[in-house]
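Student: Handing you this structure, nothing more for now.
In this note's numbering, the protein residues as written are 62 to 315.
Shown next as structure tokens:
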């Protein structure tokens, strides 16, 4: 696959512009309330009911992170033009990992929004992941963007497909980084990011581990990664005693 960084960047810029145009003029509901003790002041809340006013980054964080809006979807639509650009710029620092950012999208039920709004969010997520996989040193690591997209959409399939389609050395190095970051959790049959909304977390973990076990080895070998990383991926394809009794099972991992 021929990689054209300029085209990938243009796709992301177009997606960000699409979000800005689609959600321009949006506001939180007039009757939306929030706790002054734990969230912020009445003056800050009032800003969410005025369209297109830029928020301080701390207020933006408190807004997307709050779990108790009456209409989370309306609040999310209000901040999306700024929020999406802050995400791409690496200005969003969640308490745990980018999975919690995806959770904010999931709380907004964006997939049930009108078609134009739904399409704008979907285009942004796909463009951001593609850009992260194409950049040698992205502002936000590709494995974090992947986790955010998975949590936002409640599925792994489209993001695994997108990663598989990026068959070039840069995406391969991001795959190696993901294996290194995710390996210990996946070998314990746990998802390697915060996942609050999924009732079938075990099945998703199995799906991700199986994809890595089948897809990653040839790409990792082409990069001449440490043998330990290849064994980690191989172990993901095993289950039960075959995994735990393997001579390459990592010491101290329970």
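Cβ coordinates follow ideal geometry from the N, Cα and C atoms, glycine included.
Owing to the predicted nature of the structure, the values given are computational and were not obtained by experimental measurement.
#1: Thinking C-beta only, is residue 297 closer than 8 Å to residue 256?
#2: In the DSSP assignment, find the alpha helix (DSSP H) that holds residue 112 and state where it starts and stops.
#3: Whole angstroms are fine: how far does the CA of residue 136 sit from the CA of residue 221?
#4: Look at the alpha carbon of residue 96 and the alpha carbon of residue 90, and state the distance between them as a whole number of angstroms.
#5: What is the DSSP secondary structure of residue 127, counted as helix, strand or coil?
#6: How close, in whole Å, do the beta carbons of residue 239 and residue 163 come, if the pair is a contact with beta carbons under 8 Å?
#7: Name the two residues that bound the continuous alpha helix (DSSP H) containing residue 171.
#8: What number of angstroms, rounded off, separates the C-alpha of residue 104 from the C-alpha of residue 228?
#9: Can you list, in chain order, the residues of its chain with a C-beta nearer than 7 Å to that of residue 169? Leave out the 5 residues immediately preceding and following it.
#10: Using only alpha-carbon positions, find the residue among 312, 304, 233 that is nearest to residue 284.
#11: What is the DSSP secondary structure of residue 272, reduced to helix, strand or coil?
#12: Between which two residues does the alpha helix (DSSP H) holding residue 81 run?
#13: Just how far apart, CA to CA, sit residue 108 and residue 127?
#14: Okay, do the stretch 146-158 and the stretch 195-206 touch, 3+ Cβ pairs below 8 Å being the bar?
#15: Quick one: what does DSSP say residue 302 is sitting in, helix, strand or coil?
#16: At the level of alpha carbons, what is the spacing between residue 174 and residue 182?
#17: Cutting at 7 Å between CB atoms, please list the residues of its own chain near residue 209, excluding the five before and the five after it.
Tutor: Let me lay it out:
#1: On the chain shown, position 195 is the one that residue 256 refers to. On the chain shown, position 236 is the one that residue 297 refers to. No.
#2: As a working mapping, residue 112 is identified with position 51 in the chain shown. Unbroken run through residue 112: none, as it is neither H nor E.
#3: Reading the chain shown from its first residue, position 160 is the one you call residue 221. Reading the chain shown from its first residue, position 75 is the one you call residue 136. Across the structure, residue 221 and residue 136 are spaced so that their CA atoms are roughly 29 Å apart.
#4: For the purposes of this step, residue 96 is taken as residue 35 along the chain shown, with counting starting at 1. For the purposes of this step, residue 90 is taken as residue 29 along the chain shown, with counting starting at 1. In a straight line, the C-alpha of residue 96 is about 16 Å away from that of residue 90.
#5: Counting from 1 along the chain shown, the entry for residue 127 is found at position 66. DSSP places residue 127 in coil when its eight states are reduced to three.
#6: Position 178 of the chain shown, counted from the start, is the residue given in the question as residue 239. Position 102 of the chain shown, counted from the start, is the residue given in the question as residue 163. No, residue 239 and residue 163 are not in contact; Cβ-Cβ is about 16 Å, not under 8 Å.
#7: The count along the chain shown starts at 1 and reaches residue 171 at position 110. Per DSSP, residue 171 belongs to no alpha helix (DSSP H) and is neither H nor E.
#8: As a working note, residue 104 is residue 43 in the chain shown. As a working note, residue 228 is residue 167 in the chain shown. Taking the straight line joining both Cα atoms gives about 49 Å.
#9: Translated into positions along the chain shown, residue 169 becomes position 108. Same-chain partners within the cutoff: 133, 134, 137.
#10: As a position in the chain shown, residue 284 is number 223, starting the count at 1. Shortest Cα-Cα distance from residue 284 to any of 312, 304, 233 involves 233.
#11: Along the chain shown, one-based indexing puts residue 272 at 211. Secondary structure at residue 272: helix, using DSSP grouped into helix, strand and coil.
#12: As a working mapping, residue 81 is identified with position 20 in the chain shown. Where residue 81 is concerned, the enclosing alpha helix (DSSP H) stretches over 66-83.
#13: Walking along the chain shown from the start, residue 108 turns up at place 47. Walking along the chain shown from the start, residue 127 turns up at place 66. Answer to the nearest angstrom: the Cα atoms are 16 Å apart.
#14: At 8 Å Cβ cutoff, the stretches touch.
#15: Locating residue 302 in the chain shown gives position 241, where the first residue counts as 1. The three-state secondary structure of residue 302, taken from DSSP, is helix.
#16: Position 113 of the chain shown holds residue 174. Position 121 of the chain shown holds residue 182. Residue 174 and residue 182: Cα-Cα distance of roughly 10 Å.
#17: Reading the chain shown from its first residue, position 148 is the one you call residue 209. Hits under 7 Å: 159, 160, 162, 163.
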